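In the numbering used here, the protein residues as written are 13 to 478. We put the beta carbon where it would ideally sit given N, CA and C, even for glycine. Note that the structure is predicted; figures quoted are calculated from it, not measured.
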Amino acid sequence: MVTTRRPLHPLCRSSLPVSHDSPPSPIAARAGTPLRGSLRPPGDKSISHRAMILGLLSIGETRVEGLLEGDDVLRTAAAAKALGAGIDHDGPGRWRIRGVGIGALSDPEGVLDFGNAGTGSRLMMGVVGGQPVTATFDGDASLRKRPMRRILDPLERMGTTVVAQQEGGRVPLTLRGPAEAIPITYESPVASAQVKSAVLLAGLNAPGTTTVIEAAATRDHTERMLRLFGAEVAVTAHGPGGHGRVVALTGQPTLRAADVVVPADPSSAAFPLVAALIVPGSDVVIEGVMMNPLRTGLVTTLLEMGADIVRLNEREEGGETVADLRVRASRLTGVDVPPERAPAMIDEYPVLAVAAAFAQGTTRMRGLHELRVKESDRLAAVADGLRQNGVAHGVEGDDLLVHGDGGAAPGGGTVATHLDHRIAMAFLVMGLAARNPVTVDDGAMIATSYPGFLPDLRSLGAAFSA
13 MVTTRRPLHP LCRSSLPVSH DSPPSPIAAR AGTPLRGSLR PPGDKSISHR
63 AMILGLLSIG ETRVEGLLEG DDVLRTAAAA KALGAGIDHD GPGRWRIRGV
113 GIGALSDPEG VLDFGNAGTG SRLMMGVVGG QPVTATFDGD ASLRKRPMRR
163 ILDPLERMGT TVVAQQEGGR VPLTLRGPAE AIPITYESPV ASAQVKSAVL
213 LAGLNAPGTT TVIEAAATRD HTERMLRLFG AEVAVTAHGP GGHGRVVALT
263 GQPTLRAADV VVPADPSSAA FPLVAALIVP GSDVVIEGVM MNPLRTGLVT
313 TLLEMGADIV RLNEREEGGE TVADLRVRAS RLTGVDVPPE RAPAMIDEYP
363 VLAVAAAFAQ GTTRMRGLHE LRVKESDRLA AVADGLRQNG VAHGVEGDDL
413 LVHGDGGAAP GGGTVATHLD HRIAMAFLVM GLAARNPVTV DDGAMIATSY
463 PGFLPDLRSL GAAFSA
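Here's what the structure looks like:
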């Protein structure tokens, strides 16, 4: 299959040496020496997107340290610039955003091309949908397959006009926002921080209170960062056991620029973490990892499996608790992962499946419907990758079962990544401990979230070949 890759926005091209016009780049990983040393993963992608967006909507100059300079975030930066923000890059991870304030965005001159950035595109739809501007959204072949009706449905209730859309509400699509958004109470049918965030961002330009009700709490970075920029956000427990949340935003605040220090992304830290657990003899320290309890589902699960993970030097950075994690090779045991944990680790299931392939017994991951609507159908892609590498597994409804025998996975397969960075990194981690090398058909898209993945793991002793 030939895949067309969309060109990067000029802002992205000036900062990132990866082109979506490039041909596929297969990469192989093989077992070698134990992994030793320390590294700091890139800045958290969720917080990086939000820093750019709230910088756009605030008054004054927002300064960001540790921004993730992957393709996804740079697409959001390009969109913020197209909507009127002044943006300066002052060196690795250091950015300044001069905002225009709520209600003062400009119509972009061209299409807002988000490449593969599902989070950036959906959050920015919330921004545009609540402001008196018109903008067209597009992306690469993967983004064009991803469902957007879950965002468009509440936005239309808030006064957004969907001027044009592809079948099923997919991009390319054009939105026109109202002079003022309509405040609503929205009970989200899916556990999605992107849906919640889009509604709250649209609600910034609504008089009165915009409320989102969640049956299961999702990552709360938008609420935390809105408060940092001066918005009034109230959060209360909801539902049986208090597992849900009611989030109420007071509309039409004056957001003031803030300084943001971006902690290391736990979703990126997941890859060296699991590699250290499954490569015999490994002892690795992963520095500055965000420990927000709504993002630590993977660590919780791995500890239940018997992982040797120790938190060191816990501290506060950018309004979030962070810690250094010392990780040593461990004998893992299969566990049952409850469905209510999914929002706290939705991006980590592919690499958890890899860890489970080296565990003793069966690991059952329940309630993975959301994996079917990520950059790829991740549930199908993970299952196929396991099959290609001789790992016993099964899919029952929305549950993934991985049957480990306590030894090394056979490996030896070539994995179809479907332009999905997390599938690529997860199976490269498998190859570092499998009996035979594991190849991914394309590693170019890894730069969307972890541009330094290969050199970082090589610094620990990992063996990759192009």
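CB of D277 within 8 angstroms of CB of K57, strictly:
The answer is yes: Cβ separation under 8 angstroms.
Cβ contact check for the segment 38-56 and the segment 467-476: 3 or more pairs under 8 angstroms:
Short answer: they touch.
Quick one: what's got a C-beta closer than 6 angstroms to F439's C-beta in the same chain, skipping five residues either side?
So the list reads G397, V427, V450, V452, once near-sequence residues are dropped.
Between L306 and the rest of its own chain, which residues show a CB-CB distance below 8 angstroms, the 5 nearest in sequence each way excluded?
The residues A229, T230, R231, D232, P355, A356, in chain order, have a CB closer than 8 angstroms to that of L306 in the same chain once the five nearest residues on each side in sequence are set aside.
So does the segment 218-225 actually touch the segment 258-268, counting three or more Cβ pairs closer than 8 angstroms?
Of all C-beta pairs linking the segment 218-225 to the segment 258-268, three or more are shorter than 8 angstroms, placing the two stretches in contact.
For G55, the nearest candidate out of E299, G256, V258 (CA to CA):
Nearest to G55 by C-alpha distance, out of E299, G256, V258, is E299.
Determine the direct distance from the alpha carbon of D271 to that of V76, and round the result to whole angstroms.
Spanning the alpha carbons of V76 and D271 requires a straight line of approximately 6 angstroms.
Where does E360 fall in DSSP's three states?
It is coil, neither helix nor strand.
I435 and F370: beta carbons closer than 8 angstroms?
Cβ distance not < 8 angstroms, so I435 and F370 don't count as in contact.
Through-space distance from E326 to G253, alpha-carbon basis:
Using only the alpha carbons, I get a separation of about 28 angstroms.
How big is the Cα-Cα spacing for L466 and H433?
Cα to Cα, the separation comes out at about 12 angstroms.
Please report how far the alpha carbon of L66 lies from the alpha carbon of L238, in whole angstroms.
About 8 angstroms.
Pick out whichever of L413, A456, A214, L344 has its Cα sitting closest to the Cα of P292.
It is L344.
Quick check for students: name the residue ranges of the beta strand (DSSP E) that lie wholly in the segment 395-432, counting only runs of 3 or more.
Counting only runs of 3 or more, we get 404-408, 411-417.
My output table needs one value for L324: the three-state DSSP class, helix, strand or coil.
Strand.
Find the nearest neighbour of E328 within the set I59, M303, E316, L315, judged by alpha-carbon distance.
Scanning I59, M303, E316, L315 for the CA closest to the CA of E328 turns up M303.
Does A90 come out as helix, strand or coil in the three-state DSSP assignment?
Helix at A90.
Between the beta-carbon of P351 and the beta-carbon of R384, is there less than 8 angstroms?
No, the pair does not count as a contact, with Cβ atoms beyond the cut-off.
Whose C-beta lies closer than 6 angstroms to the C-beta of V123 among residues of the same chain, with five residues either side of it excluded?
Contacts found: T148, D150.
Using only alpha-carbon positions, find the residue among T88, N401, S204, S280 that is nearest to A227.
In terms of CA proximity to A227, S204 leads the group T88, N401, S204, S280.
Does the Cβ of S118 have 16 or more other Cβ atoms within 10 Å, making it buried, or fewer, making it exposed?
Exposed is the call here.
Local conformation of G300 per DSSP, three classes:
DSSP places G300 in strand when its eight states are reduced to three.
DSSP puts L51 in a beta bridge; with which residues?
As DSSP reads the structure, L51 sits in a beta bridge with I298.
My output table needs one value for M136: the three-state DSSP class, helix, strand or coil.
The answer is helix: DSSP assigns M136 an H, G or I state.
Decide if A459 is buried, meaning its Cβ has at least 16 other Cβ atoms within 10 Å, or exposed.
Here A459 is buried, its C-beta having at least 16 other C-beta atoms within 10 Å.
Is there contact here, the segment 240-260 with the segment 316-323, by at least three beta-carbon pairs under 8 angstroms?
No, the segment 240-260 does not touch the segment 316-323.
Between which residues of its own chain and D359 is the CB-CB distance below 7 angstroms, once the five residues before and five after are set aside?
So the list reads S279, R434, once near-sequence residues are dropped.
Sorted by chain position, which residues of the same chain lie with C-beta nearer than 7 angstroms to H381's C-beta, five sequence neighbours on each side aside?
So the qualifying residues of the chain are D410.
Can you confirm whether the segment 99-113 touches the segment 133-145 when touching is taken to mean that 3 or more C-beta pairs between the two stretches lie within less than 8 angstroms?
Segment contact: the segment 133-145 against the segment 99-113, fewer than three CB-CB distances shorter than 8 angstroms; contact not assigned.
How far does the alpha helix (DSSP H) with P467 in it reach, from first residue to last?
Unbroken alpha helix (DSSP H) run through P467: 465-472.
Terminal residues of the beta strand (DSSP E) in which R376 lies:
Where R376 is concerned, the enclosing beta strand (DSSP E) stretches over 372-377.
Rounded to a whole number of angstroms, what is the C-alpha to C-alpha distance between E192 and P159?
So the two alpha carbons sit approximately 26 angstroms from each other.
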